[in-house]
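Student: Positions in the sequence shown are counted from 1; adding 2 to them yields this note's numbering.
Beta carbons: idealized from backbone N, C-alpha and C, even for Gly.
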Amino acid sequence: MDNMVELKNIEIYEFCLLDKSTGNVSYTNTAPEFKGFTGLYFRDENTFFGLYPTEIGPVVFFKGREYKITRSLTISLARQGKNRVFRIEEYNIEINYTESPYIGFDEWSDEINVDLFYKIEQRYKNQDFCDRYTIKLD
3 MDNMVELKNI EIYEFCLLDK STGNVSYTNT APEFKGFTGL YFRDENTFFG
53 LYPTEIGPVV FFKGREYKIT RSLTISLARQ GKNRVFRIEE YNIEINYTES
103 PYIGFDEWSD EINVDLFYKI EQRYKNQDFC DRYTIKLD
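#1: Per DSSP, which one or two residues make a beta bridge with Ile90?
#2: So, are the CB atoms of Arg89 and Ile77 less than 8 angstroms apart?
#3: Over the uninterrupted beta strand (DSSP E) stretch that includes Asp1, give me the two end residues.
#4: When we look at the beta-carbon of Asp21 and count the other beta-carbons within 10 Å, is it buried (16 or more) or exposed?
#5: Could you please give the first and the last residue of the uninterrupted beta strand (DSSP E) stretch that includes Tyr43?
#6: Pick from Phe64, Thr30, Lys127 and Ile122: whose alpha carbon is nearest that of Ser74?
#7: Could you check the C-alpha separation between Leu79 and Lys65 for me, to the nearest Å?
#8: Just to confirm, are Leu42 and Leu118 a CB contact at a threshold of 8 angstroms?
#9: Since Glu16 and Asn31 are thought to touch, with beta carbons under 8 angstroms apart, how far apart are those beta carbons, to the nearest angstrom?
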């Protein structure tokens, strides 16, 4: 069960169960019984990208692999109109996507609460981000 991670979509009311060992993902609109914060994900027709806490800190899952997020990485988000490009230079990760239609939809849907890549790019160097995505062992 250590290979299974429950994630929620930051943009819409959707959840998934990610098997890190196989990369298989099952989606549902029914919220699982989370035992605390698990993680977030983005998906479109070509891409699955997950962010979740581990004992060593924040980790992303992309194309079947895990990548540790550290403050020393070069993470950027470029915007040109509605098109966006998220990059993690050191891992050669590049994701092209379209801006969420939910940004500004209501008072709770500002960019940092709707766009996972914007959230990462804005916060990955903050200690609070690292703490939030680190599992504390008792």
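Tutor: Concretely, from the data shown:
#1: Ile77 and Ile95
#2: yes
#3: The chain is shown from 3 up to 140; residue 1 falls before or after that span and cannot be answered.
#4: exposed
#5: Leu42 to Arg45
#6: Lys127
#7: 19 angstroms
#8: yes
#9: 6 angstroms
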